[in-house]
Amino acid sequence: MRLLYSLLVITSVGVVAGEVLRRDISTDGADFASKDFDYIVVGGGTAGLTVAARLSEDSKVTVGVIEAGEYLPDDPVINTPSSAFSIPGNANYDWLFKSVPQVNSNNRVLNLPRGKLLGGSSAINIMTFDRGSKIEYDAWAKLGNPGWDWNGLLPNMKDAERFTGVDPFRVNYTNTDPNDIFPSQGKSGPVAASYNDWYSNIVLPFGKSMANLGIPINFDPDSGNAFGTFNSATSVNRTTGRRSYSATTYYAYNAHRPNFVVLTGAQATKINFKDTVNANKTGKLVATGVSFIHQSKSYVVKAKKEVILSAGTFQSPQLLELSGIGNSTILLKNGIKTLIDLPGVGENYQDHMVLTTTYELKRGSSIQDYDALRNNATFAAAAAAQ
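Following this line, the structure appears as structure tokens:
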């Protein structure tokens, strides 16, 4: 599908991509709970499946993943890039979270889309595939996270990526070799990152207009400077024309491993710990497993080494609170015994804003826009065939 992204001074985190492969999924809660896992990952989303797949590279350890949604590798709504904007708000794929009224937005209640299927939000986002600037990652390290700076993270970013070409806009206007992938971009990872092979004829004059305003065109936003106007790569597999996301790469590519098990349709309800009596005094808890509900039945699955919480921005802190870790005042109001009083849990959520530019074309304008997909059957058919 032909998609145009002209992004102005924007940074975001890329998502995973790849071919769709059908694999067996565990659908038996009792059988899953009876297994002896070293690691339990709560949440089979973008990060959860990545962590699980990496852990399962060691054949000596066993990894179990608990996911509330289903595995939908052949769903055309998820796979077709042009459907991306119709997914948020669809209860088949979205948790339908909403914000409290936002004082600085005229008390508007904002939709907060989060993916409710294997692959998480990498299955429902708009597939923008770029990364932040070096200074942003370096700030993470300065906050007390050694190794989370640009130099520490870049090798891992490259390991996840499989760029299959360069931006044709850059090729056309800078005489770049079509195979000249930037050194900062990975070539052999599971993520099939790519660029559109068609752009609206508004792109060049838009870029020139921004340059005239002092905002430069940036042909290399992935190498540590994401400032400027650029065409973003997308997590679309150019061979299949489908969305690429964690379920169809980090899971599907590794589902043949007997030590990697995913249970779908299962809602985690609590993290279980040992030595809870003195936890609030010592500040130490050892997770032993996870309680979950599957097909209206309750189960407990044990973890011999670690429980890895990857349930997303909203549900990870929620699960901590349900497990007794959080603001003791909030826990008390909800009848939950406090194991560790940690007031920061569930607080200080912030999200970046994305602004779109809408403009009206004069009648008879030669500018190509998305209306062609509705009004030009030939154009739409050619786009769908891609």
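Numbering (mature numbering (1 follows the signal peptide of the UniProt record, and there is no 0)), first residue to last: -18 to -1, 1 to 368.
Glycine is no exception: its CB is placed at the ideal position from the N, C-alpha and C atoms.
Between the stretch 355 to 364 and the stretch 337 to 344, the count of C-beta pairs closer than 8 Å stays below three; the two stretches do not touch.
Within the model, the alpha-carbon separation for residue 213 versus residue 186 is close to 11 Å. A check of alpha carbon separations from residue 254 across 303, 109, 269, 299 identifies 269 as the nearest. In this structure the stretch 292 to 301 lies against the stretch 94 to 107, because at least three pairs of beta carbons, one per stretch, are closer than 8 Å. Note on the stretch 53 to 131: whole alpha helix (DSSP H) runs with a minimum of 4 residues are 58 to 61, 116 to 124, in chain order. Take the alpha-carbon of residue 47 and the one of residue 329: they are about 26 Å apart. About 4 Å separates the beta carbons of residue 273 and residue 252, which is inside the 8 Å limit, making them a contact pair. DSSP, reduced to helix, strand and coil, places residue 333 outside both helices and strands of the structure shown, so it counts as coil. A contact between stretches requires three or more CB pairs, one per stretch, nearer than 8 Å, and the stretch 216 to 236 meets this requirement with the stretch 105 to 112. Residue pairing from DSSP leaves residue 194 without any beta-bridge partner. Between the stretch 231 to 251 and the stretch 8 to 16, the count of C-beta pairs closer than 8 Å reaches three or more; the two stretches touch. The beta carbon of residue 349 sits closer than 8 Å to those of 182, 183, 184, 343, all from its chain and outside the five residues before and after it, given in chain order. If you draw a straight line from the Cα of residue 19 to the Cα of residue 305, it comes to about 20 Å. DSSP links residue 24 through a beta bridge to 48, 291. Around the beta-carbon of residue 32, 16 or more other beta-carbon atoms lie within 10 Å, marking it buried.
Secondary structure within the stretch 212 to 265: the alpha helix (DSSP H) runs of 4 or more consecutive residues, fully enclosed, are 261 to 264 (chain order). Taken atom to atom, the span from the alpha-carbon of residue 238 to that of residue 50 is near 21 Å.
Take residue 327, set aside five residues on each side of it, and the residues of its chain with a beta-carbon closer than 8 Å to its own are 299, 302, 303, 307, 308, 309, in chain order. Beyond the five residues adjoining it in sequence on each side, residue 65 comes within less than 6 Å, by CB distance, of 59 in the same chain, given in chain order.
Put simply, the stretch 132 to 152 touches the stretch 168 to 178. At least three CB pairs are less than 8 Å apart. Between the alpha carbons of residue 275 and residue 283 lies a gap of roughly 11 Å.
With contacts defined by Cβ atoms closer than 8 Å, residue 28 and residue 134 do not form a contacting pair. Closest option to residue 215, judged by alpha-carbon separation, among 223, 118, 204, 319: 204.
Under the three-state reduction of DSSP output, residue 366 falls in the helix class. Under DSSP, residue 283 shares a beta bridge with 272.
Excluding the 5 residues flanking it on each side, residue 53 has same chain C-beta neighbours closer than 7 Å at 7, 100, 229, 246, in chain order. The stretch 164 to 174 makes no contact with the stretch 76 to 95; the number of CB pairs closer than 8 Å stays below 3. Beta-bridge analysis with DSSP links residue 323 to 308. Taking C-beta atoms as the reference points, residue 173 and residue 220 fail to come closer than 8 Å. Note on residue 364: under 16 other CB atoms within 10 angstroms of its CB, so exposed under the neighbour-count rule.
Comparing alpha-carbon positions, the option among 41, 55, 210 lying closest to residue 233 turns out to be 55. The C-alpha of residue 10 lies about 22 Å from the C-alpha of residue 288. Apart from the 5 residues on each side of it in sequence, residue 116 sits with its Cβ closer than 6 Å to the Cβ of 132, 206 in its chain, given in chain order. Bounds of the alpha helix (DSSP H) holding residue 357 are 354 to 357. Per DSSP, residue 11 is one residue of the alpha helix (DSSP H) stretching across 11 to 16.
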